[in-house]
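K.L.:
In the numbering used here, the protein residues as written are 4 to 879. I have a structure I would like to understand better, so I am pasting it below and will then ask my questions one at a time.
See below:
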């Protein structure tokens with residue numbers, strides 16, 4: 004290795020190699036740069052090649068210096084570590100000594116604490132013994148004083164008490180306590196002189212109470228709350244202070260200056276309160292004024308009572324009881340009497356208004372709850388005396404066992420409305436109001452239908468309605484609870500009787516109009532709206548556990564009105580009209596409008612029952628089930644009546660169509676004049692039947708929807724199809740007449756196709772194909788009836804129709820022989836066709852030709868009450 008001579012370092016480099024240069028932030032690049040900075044500058048000034056020797060010598064010196072510094076640092080580090088270890092051992096030793104010292108101090112404090120606890124317990128025992136001795140001494144002193152005072156009263160001497168009473172506030176309070184105790188002692192003493200002493204004590208107590216009440220009244224008039232408080236506290240110590248409270252309450256301006264003595268009969272409320280279509284009133288001027296004064300007085304009195312009386316909550320209860328029992332009760336009685344004189348609805352609306360306003364008042368008064376006074380041993384006895392004295396006071400209507408004003412207010416409100424809602428009073432009025440409203444609303448309707456029934460020879464309809472009402476009432480008494488059944492039966496009988504009475508009130512000469520007897524959705528909506536208002540009142544005014552039962556009763560009232568007295572009456576009248584109509588007159592298709600109205604009203608009714616009434620009965624599973632059963636029965640009864648009406652209409656339609664087909668002339672399909680026949684499009688019976696069917700179709704599309712319309716038109720189409728099958732067997736058909744028959748059958752098919760009932764398409768296509776057998780040449784007739792639609796029918800069933808061909812006699816034998824020869828092939832072919840086209844069903848259809856029957860009936864679907872959602876198969 005080549006070594007270079009060492010050089011002396013520059014002063015700036017020397018400073019970089021000092022230990023202090025490494026104590027702060029150290030950067031290797033900065034260090035190397037500072038050491039070689041001057042050398043680099045010198046090398047740049049030299050013109051010759053780069054000379055590394057100065058750099059090597061400088062860095063060798065720098066490295067040597069750094070190694071020396073590292074050795075010094077290591078030496079110092081080792082020395083400091085030794086010093087630290089020595090210091091740690093010394094610190095550990097000192098901490099151990101201190102811990103021992105602290106443990107000694109802790110044990111000393113524990114010993115001292117136990118001794119202090121022992122001393123404390125001893126002091127407590129001594130204090131208790133001293134207290135018992137002191138109490139005993141006080142009792143002995145008090146007993147001695149009582150005996151002394153008792154002896155003085157026995158001699159008629161009250162000098163000592165009189166002197167004590169003149170000592171001011173404290174003296175009067177002591178006299179009050181002494182007199183209270185003397186009264187108790189006098190009741191217990193049974194000596195010959197006891198009666199005279201007791202009489203003297205009672206006289207003095209009466210005089211003392213009068214003096215204190217006089218002083219309280221005097222201070223009350225002067226407006227001196229401090230002296231009033233002294234009098235109230237003294238009387239509280241004396242006998243509970245009830246007389247002081249009564250004086251304060253009785254002389255209050257609120258009860259002297261009444262807000263209103265009479266109801267304002269000119270208030271706009273009274274002109275609309277009995278109108279069921281008007282919204283119920285929300286306020287009454289006199290009641291609002293009275294309650295406003297109560298709120299204002301409550302704010303003022305709460306401050307005065309707290310300043311004057313030592314037991315503010317009890318005093319406020321007395322004051323508020325007087326407010327409810329006197330001022331409020333008297334005025335609401337006037338309001339309710341005024342409402343009852345107008346109508347039941349007015350009475351109920353006023354009752355609801357009062358209840359709502361009073362509830363708001365009670366909630367507002369609860370916000371002024373006074374803090375309860377913390378009673379000690381002695382004052383609790385005084386409070387008991389106060390309650391006892393209040394129990395005998397005329398204005399204390401409510402027991403003072405309640406601890407808060409809020410509890411008293413709840414009880415006062417309950418007592419306020421008890422006379423109007425207890426038992427069945429409220430529900431009877433609600434049921435009566437609804438029946439009166441419904442009877443008034445349906446008066447013209449009932450009169451119209453009674454008159455119509457008499458004209459149609461059905462005067463016993465309303466007798467049957469009364470019988471049905473009685474049956475419904477009897478059924479109610481056997482299925483429901485006793486209370487519910489009695490009320491429901493009464494309501495049901497009442498509504499039927501009232502509607503009949505209202506109808507009979509009209510004179511026979513009074514004219515009725517057609518629109519009076521028409522079912523109206525607006526009328527039904529009114530009935531439901533009035534019923535909803537009644538149910539809303541029921542929820543607000545009835546106890547929570549009675550809501551389910553009362554809702555059920557009101558549901559029965561509604562069902563009786565809307566089902567029995569409205570829908571069924573209209574249905575029976577429509578039925579009677581069809582029954583009494585001339586069979587030679589076209590059926591009355593507006594009957595379908597009755598069916599449509601019944602359908603719409605029933606849906607509206609059941610929607611209301613599901614949404615509004617059933618949830619109110621959710622709290623009682625039994626009543627909820629009974630409501631469902633009753634509702635289903637009511638709906639089923641209306642469904643049955645509607646189905647009977649619709650079936651009767653279908654019967655009349657089929658009879659009319661049969662009558663029109665009966666007008667078919669014997670030679671209509673065997674004309675003599677071919678030119679005239681071709682000039683005619685359809686025969687007269689065909690035109691009449693198609694016109695009737697189109698009217699039926701239009702009426703059905705206008706008044707029915709969904710499954711109901713499909714079932715109705717299907718029943719008409721099937722029945723008419725049967726008529727046509729029988730009709731085709733009655734008339735001979737010539738080759739030219741076959742064209743006329745084909746035109747008629749095509750018209751029938753096109754008309755029925757417009758019904759948009761898929762189940763009828765195949766039937767009338769079969770009828771058209773059957774009509775074509777009169778157009779086919781004899782030689783291909785056999786193949787024609789074994790193919791297409793006719794191939795599904797046994798050939799023997801087609802012979803009555805083939806026999807109507809004018810040329811049947813000419814090829815009948817040949818047709819029969821061909822039929823026998825082809826039996827085997829026909830069986831195989833027919834079996835395949837039967838399986839493919841469901842021949843069994845069509846064969847049955849053809850076998851009906853042997854005995855024609857009309858449909859057994861149809862079913863109009865009206866919503867059931869037990870469904871939770873309003874989806875009904877009978878409506879689209």
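The beta carbon of each residue, even a glycine, is placed where N, CA and C say it ideally should be.
Start and end of the alpha helix (DSSP H) containing residue 165?
P.N.:
162-168
K.L.:
In angstroms with no decimal places, state the Cα-to-Cα distance between residue 331 and residue 252.
P.N.:
16 Å
K.L.:
Tell me whether residue 736 sits in a helix, a strand or coil according to DSSP, three-state version.
P.N.:
strand
K.L.:
Hey, how far is the Cα of residue 803 from the Cα of residue 785?
P.N.:
15 Å
K.L.:
What residue range is occupied by the uninterrupted alpha helix (DSSP H) comprising residue 427?
P.N.:
No alpha helix (DSSP H) contains residue 427, which DSSP labels as neither H nor E.
K.L.:
Whole angstroms is fine: what's the gap from residue 750's alpha carbon to residue 693's?
P.N.:
7 Å
K.L.:
According to the Cβ coordinates, are residue 808 and residue 777 closer than 7 Å?
P.N.:
yes
K.L.:
Residue 771 by DSSP, collapsed to three states: which one?
P.N.:
helix
K.L.:
Taking the CB atoms as reference points, tell me whether residue 540 and residue 303 lie closer together than 7 Å.
P.N.:
No, these two residues do not count as a Cβ contact at 7 Å.
K.L.:
Apart from the five residues just before and just after residue 69, which ones in its own chain have a Cβ nearer than 8 Å to its Cβ?
P.N.:
20
K.L.:
Please say whether residue 182 and residue 215 have beta carbons closer to each other than 7 Å?
P.N.:
no
K.L.:
So the candidates are 95, 672, 203 and 569; which of them puts its Cα closest to the Cα of residue 164?
P.N.:
203
K.L.:
Considering only the alpha carbon of each residue, which of 38, 71, 413 and 434 lies closest to residue 57?
P.N.:
The option with the nearest alpha carbon to residue 57 is 38.
K.L.:
Tell me the DSSP secondary structure of residue 808 in three-state form.
P.N.:
Looking at residue 808 - three-state DSSP - the assignment turns out to be strand.
K.L.:
CB-CB under 8 Å to residue 663, same chain, minus the five flanking residues each way: which ones, in chain order?
P.N.:
688, 691, 692 and 695
K.L.:
When DSSP labels each residue in this structure, what does residue 267 get in the three-state scheme?
P.N.:
coil
K.L.:
Go ahead and pull the three-state DSSP assignment for residue 314.
P.N.:
coil
K.L.:
Quick one: is the Cβ of residue 234 within less than 6 Å of any heavy atom of the ligand GDP?
P.N.:
Looking at this structure, you won't find the ligand GDP or any other ligand, since it has none at all.
K.L.:
So, using beta-carbon positions, are residue 520 and residue 451 closer together than 7 Å?
P.N.:
yes
K.L.:
Compute the distance between the beta-carbons of residue 248 and residue 318, then report whether it is under 7 Å.
P.N.:
yes
K.L.:
Label residue 548 either buried or exposed according to how many other C-beta atoms from any shown protein chain fall within 10 Å of its C-beta, with 16 as the threshold for buried.
P.N.:
exposed
K.L.:
For the alpha helix (DSSP H) containing residue 96, list its first residue and its last residue.
P.N.:
56-157
K.L.:
For residue 712, name the three-state secondary structure that DSSP assigns.
P.N.:
Residue 712 falls in the helix class under three-state DSSP.
K.L.:
Around the Cβ of residue 119, are there at least 16 other Cβ atoms within 10 angstroms (buried) or fewer (exposed)?
P.N.:
exposed
K.L.:
Candidates 435, 438, 455 and 366: which alpha carbon is nearest residue 415's?
P.N.:
366
K.L.:
Below 8 Å on the Cβ atoms is my contact criterion, and I expect residue 707 with residue 595 to pass it. Report the Cβ-Cβ distance as a whole number of Å.
P.N.:
About 7 Å; that satisfies the 8 Å criterion.
K.L.:
Do you know offhand how far residue 130's Cα is from residue 144's?
P.N.:
20 Å
K.L.:
Given a threshold of 16 other Cβ atoms within 10 Å of its Cβ, counted over all protein chains shown, does residue 324 qualify as buried or as exposed?
P.N.:
buried
K.L.:
With burial defined as no fewer than 16 other Cβ atoms inside 10 Å of the residue's Cβ, what is the status of residue 675: buried or exposed?
P.N.:
exposed
K.L.:
How far does the alpha helix (DSSP H) with residue 637 in it reach, from first residue to last?
P.N.:
624-664
K.L.:
Is residue 288 closer than 7 Å to residue 270 when the C-beta atoms are compared?
P.N.:
yes
K.L.:
Inspect the CB distances between the stretch 753-773 and the stretch 734-743 and report whether three or more fall short of 8 Å.
P.N.:
no
K.L.:
On the three-state DSSP scale, how would you describe residue 255?
P.N.:
coil
K.L.:
Using C-beta distances below 6 Å, list every residue in its chain close to residue 611, excluding the 5 sequence neighbours before and after it, in chain order.
P.N.:
Correct list, in chain order: 531.
K.L.:
Give the straight-line distance between the Cα atoms of residue 536 and residue 453, rounded to the nearest whole angstrom.
P.N.:
30 Å
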